[in-house]
Every structure is written in C-alpha cells, then in structure tokens.
Amino acid sequence: MKSLLEKLNIQPVNSGACIGPDGWLMDSKGKELVSYNPATGDALAKVIQATPETYEKVASTAQESFLKWREVPAPKRGEVVRDLGDALREFKEPLGDLVTVEMGKIRAEGHAEVQEMIDICDFAVGQSRMLYGLSMHSERPAHRMFEQWHPLGILGLVTAFNFPVAVWSWNSALAAICGDTIIWKPSSYTPLTAIAVTHIANKVMADHGLSGIFNLTIGSGGDVGELMLNDKRVQLVSFTGSTKIGVHVSETVARRFGRTILELGGNNGIIVSEKADLSMATRSILFGAIGTAGQRCTSTRRIIMQKSIANDLTQRLVNAYKQIRIGDPLKPDTLMGPLVVNTSVEEMMDGVRQAVADGGEVLAAGICCPTSAQILLSQPSSKCRLRQKSSKQKPSPRFCTCLSMKPSRRRSAFTTMCHRAFQARCSPTRCGKLRPSSPPPGPIAVLPTSTAAPPAQRSAELLAVKKKLVAAANPARMSGRPTCAARLIRLIGRRICR
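Numbering (our numbering), first residue to last: 213 to 710.
Here it is in structure tokens:
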C-alpha cells in the first residue's frame with residue numbers, strides 16, 4: 213500500500229488545497245481529515261482541510277489565471293488537455309488502484325473509471341477545434357451577424373465519492389478547452405484520489421508554464437462548499453450528489469444569478485414484460501443492482517415484472533445473486549466490494565428490516581464483512597414504499613426489490629410513482645393503454661427493447677404502440693387540459709416509430 217501511495221505522491225499528511233505546481237497550501241488552522249480503506253478499515257493518510265482563508269487564496273488565483281487562460285487560443289488549450297490525457301495513461305494502473313482502495317469499487321471498475329478520464333480528454337482535444345458559432349444574414353446593408361462563444365469564468369466543481377475522479381475529468385477537460393479555470397471540491401470520503409489527480413495535473417501545467425487552471429480545495433460543505441456557492445466569481449457550479457443538497461445548491465446559486473449543472477441521486481425501477489429476453493434481463497438487472505455496490509445514481513432499486521414470468525425471473529436472479537463473490541475489491545475474482553462507509557451499511561440494513569416488517573422476504577443475501585453485503589428482496593406490491601412520505605426521508609437503501617404486477621398500466625404507474633426515478637424499461641408490445649384517471653406524479657418513459665421479431669412485424673408492433681400512446685394522450689379522452697406526462701407520451705410514441 214505504501215508503494216502505491218508513493219507512486220502518486222501521497223504523503224502521510226497532505227495539504228488539502230492547491231493552486232498549481234509548487235502551489236500546495238497548508239493552513240495550520242485547517243481540520244484534519246483521515247481517509248480510510250472501506251474494505252479493511254485501515255487509515256490510508258491524513259489531509260489538512262482548507263479553511264475560508266485558504267479558499268479565498270484559491271479563488272483569487274483561479275480568477276487571475278482565468279484572465280490569462282481565456283486569451284490562449286482554444287486549440288492551444290486543447291494541447292494541454294491532450295498532455296493531461298497522456299499523463300493519465302501513464303498513471304492509469306496506480307490511480308485506478310487508488311480509486312479501488314479508497315472508494316471500494318472493484319479493480320476493474322477503478323481502472324475503467326480512469327479510462328473514462330482518458331477518453332474525455334481525447335474527446336475534448338477534438339472539441340477544442342470545434343467551438344463553432346453561427347453566421348447569419350443581416351437586414352442591414354454591408355453588415356453580417358455571427359456568434360462566438362466566450363469563456364465563462366471559474367467553474368466550481370463538487371464531486372461525489374462513487375465516481376471520485378471520472379466526474380472531475382468530464383467537467384475539467386471541457387472547461388479547460390473552453391478557457392475556464394476550475395476549483396475542485398471532492399468528497400470528504402475520497403480526498404486522496406483528488407490529491408493524486410491534482411499532482412498529475414500540476415505536472416502537465418508545469419510542462420506548459422501554467423498555474424491556477426486546475427485548482428483544489430478539500431473541506432467540509434459548511435467551510436468550503438458554502439463559500440463556493442455564494443462566490444460571485446464562480447460563474448458555474450457543477451454539483452454531483454444527493455437531491456436534497458442539489459436543491460440547496462440550485463437555490464443558493466440562483467439567488468446570485470449563477471448557473472448550475474446538477475447530477476443528483478436516482479431511485480430507479482426496471483419493468484420486465486413477458487415478452488422480454490429473461491437471460492438478457494437477468495444480466496442487466498444484476499449489473500444495475502450490484503455495480504459499484506449499488507451506490508450509483510442509476511443503480512437498480514426494484515424490478516417490476518409481470519406475474520406470468522415472476523417466478524422464473526426471480527429464480528434466475530436468486531441463482532445469479534448466489535454467484536456474486538464479495539470481498540477485497542483488489543482481488544481479480546471479486547465482483548462486489550464494500551460500501552464506502554459504515555453508515556451506508558446501517559441505512560441499508562434498516563431498509564431491509566423495514567421491508568421485512570412490511571411483509572417482504574429476503575430471497576438472497578451475502579455478507580462477508582461489516583461493510584460488504586448484497587440483498588435481494590421480494591415484497592408485496594401493496595406495501596412497497598415507492599414514494600417517500602417526507603422530503604427528509606432518504607431514497608430506498610442499496611438493495612433490490614422484486615415486485616410482480618398484472619396490468620401493464622399499473623406497472624407503468626409504479627415506476628412513475630418512484631420518487632426521482634431515472635429510467636424505466638419495458639417491451640413496447642405489452643405497454644397497453646396509459647390512460648390513468650388522474651395524472652400520475654412524474655414523467656412516463658416508455659423505451660423500446662430489442663426483440664427477435666422480424667423487421668416487418670416489429671414495424672407493425674411499433675405502429676400499434678404509437679396508436680395506443682397517442683390515444684392515451686388524446687386530450688379529448690381525458691378530462692381537462694392534457695398533462696405534461698400525456699404530451700411526453702405522444703412525443704415518445706412519435707420517436708420510437710420513426
């Protein structure tokens with residue numbers, strides 16, 4: 213472990229703020245933060261967090277650097293990002309291993325996350341020569357009109373623990389080629405990965421004689437996060453995290469007419485019809501439920517299936533869950549690592565106990581250590597807690613629930629009732645009529661899945677679906693003005709039949 217940390221310039225005690233090469237800021241008043249390995253509970257290293265005074269130094273440097281960086285031609289800025297991608301290639305293995313050690317996702321996922329960083333850098337390099345603007349005719353003689361995109365300013369970037377480095381690259385690579393500077397506030401659960409990435413970015417900036425482009429501030433939301441949200445120099449805040457905090461971010465930044473990009477939590481269900489390929493459905497459900505130990509915003513929380521296939525699909529899932537190897541995420545045969553902190557395990561087990569009290573049954577479970585567990589539940593649909601009764605309640609914990617339904621209309625309603633549902637999948641040949649007597653809360657998404665039907669038959673099926681969807685959304689057949697959900701159904705019906 214020591215050799216891994218040394219490769220990435222991680223010290224026993226690290227500064228939590230940086231403004232470029234040789235620009236690490238150590239504040240004696242900063243609070244100490246310890247990073248732990250969630251698989252073993254061992255302490256990895258310490259970080260001295262940024263204080264409000266440190267944040268001010270970082271923000272001032274970022275603003276000064278922006279005034280110079282925006283003058284650099286975009287293709288030249290792309291060359292810096294290209295070198296950043298090459299540096300990440302050089303450190304892909306140790307950085308991927310550090311993601312695994314500090315966050316807990318399996319080694320294949322940790323390395324894949326660094327590969328995403330490399331890929332977005334490659335994408336951004338090309339994009340640096342494609343910051344196009346329109347050229348338009350003017351009604352005035354000897355005049356022409358054109359648009360040109362200008363750099364925005366400082367990007368305030370707040371990332372979550374589940375993708376500790378990839379989200380930084382998605383934002384930073386594109387912001388850099390657009391001429392913006394970045395202040396990164398990572399999750400307090402994964403500070404070491406942020407420090408390692410900043411060391412890599414510093415090396416690239418030093419090679420180009422730059423500083424203050426990729427900046428870092430590690431600190432609590434109260435000490436650093438609130439300063440960033442209220443800082444008028446930060447023109448755009450990109451936040452990844454819970455929906456509850458996302459609401460606060462949006463409101464705070466909007467008060468000063470700032471801009472936000474919000475990537476928030478999800479609460480997702482998968483609909484499986486009797487026409488679906490159950491082998492494919494089993495693999496998709498398993499990946500969606502246990503990938504990153506169920507800690508993704510797109511993790512599968514419930515399976516809503518027709519009664520005719522409920523027993524078959526449930527047994528397939530039970531058999532699949534029994535094959536999941538839980539353990540040390542660095543070992544190649546491990547398929548599922550630990551949750552990031554013990555409190556996440558406690559929340560999950562509380563949810564399991566509540567589900568059992570509501571009549572649920574644990575179909576498959578595996579626990580190898582206090583921070584690693586996978587649970588598959590079956591629960592009566594009438595008692596499934598799909599919507600949170602209070603905005604203070606958290607979404608369903610990190611386990612997967614099986615539900616069986618008869619009418620397809622109710623299957624769709626169950627998915628739309630899920631608070632913050634990201635996605636729903638079903639076979640369009642079995643959608644049925646979506647004409648609720650009262651509009652369901654939330655949008656309805658009906659997406660086609662692949663089947664073995666011939667093209668002609670498939671076209672006929674899609675046409676039939678379109679007719680049903682358009683009929684369901686017909687204002688004349690619904691009381692009052694058509695809802696947003698009805699208009700969305702009509703739009704989706706047109707798209708899937710093109």
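The beta carbon of each residue, even a glycine, is placed where N, CA and C say it ideally should be.
- Item | Span of the alpha helix (DSSP H) around Met517 | Segment Thr512 to Gln518 is the beta strand (DSSP E) holding Met517; no alpha helix (DSSP H) there.
- Query: By how many angstroms is the C-alpha of Glu321 removed from the C-alpha of Ser423?
  - Reply: One alpha carbon belongs to Ser423, the other to Glu321, and they sit about 31 Å apart.
- Task: Could you spell out the range, first to last residue, of the alpha helix (DSSP H) harbouring His411?
- Result: Pro403 to Asp419 is the extent of the alpha helix (DSSP H) around His411.
- Taking only the alpha-carbon atoms, compute the straight-line gap between Ala388 and Gly481 and give it to the nearest angstrom. Their Cα atoms are separated by approximately 36 Å.
- Query: Just how far apart, CA to CA, sit Val379 and Thr312?
  - Reply: When rounded, the distance between both Cα atoms is 16 Å.
- Item | Exposure of Thr354, with buried meaning 16 or more beta-carbon neighbours within 10 Å | According to the sequence shown, residue 354 is Ala rather than Thr. Label assigned to Ala354: exposed.
- Item | Separation of Gly232 from Asn226, as counted between CA atoms | Put simply, the backbone Cα of Asn226 is about 15 Å away from that of Gly232.
- Message: Could you give the first and the last residue of the continuous alpha helix (DSSP H) run that contains Met492?
- Response: Start and end: Leu490 to Ile502.
- Rounded to whole angstroms, what's the CA-CA distance from Gly503 to Phe373? Just pull it up for me. Each residue's CA atom was taken as its position, placing Gly503 and Phe373 some 14 Å apart.
- Item | Rounded C-alpha distance that separates Phe469 from Asn531 | One C-alpha to the other measures close to 53 Å.
- Would you mind giving the Cβ-Cβ distance between Ala576 and Lys534, rounded to the nearest angstrom? I have them listed as a contact below 8 Å. About 6 Å; that satisfies the 8 Å criterion.
- Per DSSP, cross-strand counterpart(s) of Gly506: Paired residues: none, contrary to the question.
- Item | Gln327, enclosing alpha helix (DSSP H) - first and last residue | Gln327 -> alpha helix (DSSP H) spans Arg319 to Gln339.
- Item | Where Gly481 falls: helix, strand or coil (DSSP) | Under the three-state reduction of DSSP, Gly481 is assigned to strand.
- Message: Would you say Val459 lies against chain D (beta-carbon separation less than 9 Å)?
- Response: Looking at the structure shown, chain D is missing, and only one protein chain is on hand.
- Query: Roughly how far, in whole angstroms, is the beta-carbon of Leu367 from the beta-carbon of Ile332, given that I think they are within contact range, below 8 Å?
  - Reply: The beta-carbon separation of Leu367 and Ile332, rounded to 15 Å, does not stay under the 8 Å limit for a contact.
- Message: Can you find the residues in the same chain that come closer than 8 Å, C-beta to C-beta, to Gln360, ignoring five residues on each side of it along the sequence?
- Response: These residues qualify, in order along the chain: Gly345.
- With a cut-off of 8 Å on the beta carbons, I'd call Trp365 and Phe278 a contact; round off their distance for me. A quick correction: the sequence has Gly, not Trp, at residue 365. About 6 Å; that satisfies the 8 Å criterion.
- Closest Cα partner of Asn229 within the set Lys243, Lys219 and Leu220: Strictly speaking, residue 229 in this sequence is Ala, with Asn absent from that position. Comparing Cα-Cα distances from Ala229 to each of Lys243, Lys219 and Leu220, the minimum goes to Lys243.
- Since Gly571 sits in a beta bridge, which residues does DSSP pair it with? In DSSP, Gly571 forms no bridge with anything.
- Message: For Ala336, tell me which candidate among Arg289, Gly316 and Asp309 has the shortest Cα-Cα distance.
- Response: A check of alpha carbon separations from Ala336 across Arg289, Gly316 and Asp309 identifies Arg289 as the nearest.
- Please report the residue range of the alpha helix (DSSP H) in which Ser215 lies. Residues Lys214 to Lys219.
- Message: Tell me the rounded alpha-carbon separation between Asp334 and Gly308.
- Response: Going by the C-alpha atoms only, they are around 18 Å apart.
- Whose CA, out of Ala569, Thr613, Gly571 and Val552, lies closest to the CA of Phe375? Comparing Cα positions, the closest option is Val552.
- Three-state secondary structure (DSSP) of Lys243: When DSSP states are grouped into helix, strand and coil, Lys243 belongs to the coil group.
- Report the rounded CA-to-CA distance for Val436 versus Ser520, giving the unit in angstroms. Within the model, the alpha-carbon separation for Val436 versus Ser520 is close to 54 Å.
- First through last residue of the alpha helix (DSSP H) which encompasses Ile389: Per DSSP, Ile389 belongs to the alpha helix (DSSP H) from Ala378 to Ile389.
- Item | alpha helix (DSSP H) segment containing Asn442, residue limits | Counting along the chain, the alpha helix (DSSP H) containing Asn442 begins and ends at Glu438 to Asn442.
- Can you list, in chain order, the residues of its chain whose CB lies under 6 Å from that of Ala664, leaving out five sequence neighbours each side? Any answer about Ala664 is weak, because its pLDDT of 38 lies below 50 and its placement is not dependable; what the coordinates show is given next. Within the same chain, Ala664 has no close Cβ partners at all.
- Task: Determine the closest residue to Thr405 out of Ala569, Lys258, Met357 and Lys241, with distance taken between C-alpha atoms.
- Result: Nearest C-alpha to Thr405: Lys258.
- Verify whether the separation of the beta carbon atoms of Leu296 and Ala385 is less than 9 Å. For Leu296 and Ala385, yes; Cβs fall inside 9 Å.
- Query: If we count the other Cβ atoms within 10 Å of its Cβ and call it buried at 16 or more, is Arg565 buried or exposed?
  - Reply: Arg565 should be labelled exposed.
- Query: Terminal residues of the continuous alpha helix (DSSP H) containing His349?
  - Reply: In this chain, His349 is not harboured by any alpha helix (DSSP H); it is covered by the beta strand (DSSP E) spanning Ser347 to His349.
- Query: Buried or exposed: which applies to Val409, given that a residue is buried once 16 or more other Cβ atoms fall within 10 Å of its Cβ?
  - Reply: Looking at its Cβ environment, which holds 16 or more other Cβ atoms inside 10 Å, Val409 is buried.
- What first and last residue would you give for the alpha helix (DSSP H) that runs through Leu367? Judged by DSSP secondary structure, Leu367 falls outside any alpha helix (DSSP H) and instead within the beta strand (DSSP E) spanning Ile366 to Val370.
- Item | Boundaries (first-last residue) of the beta strand (DSSP E) holding Ala255 | Its beta strand (DSSP E) spans residues Ala255 to Ile260.
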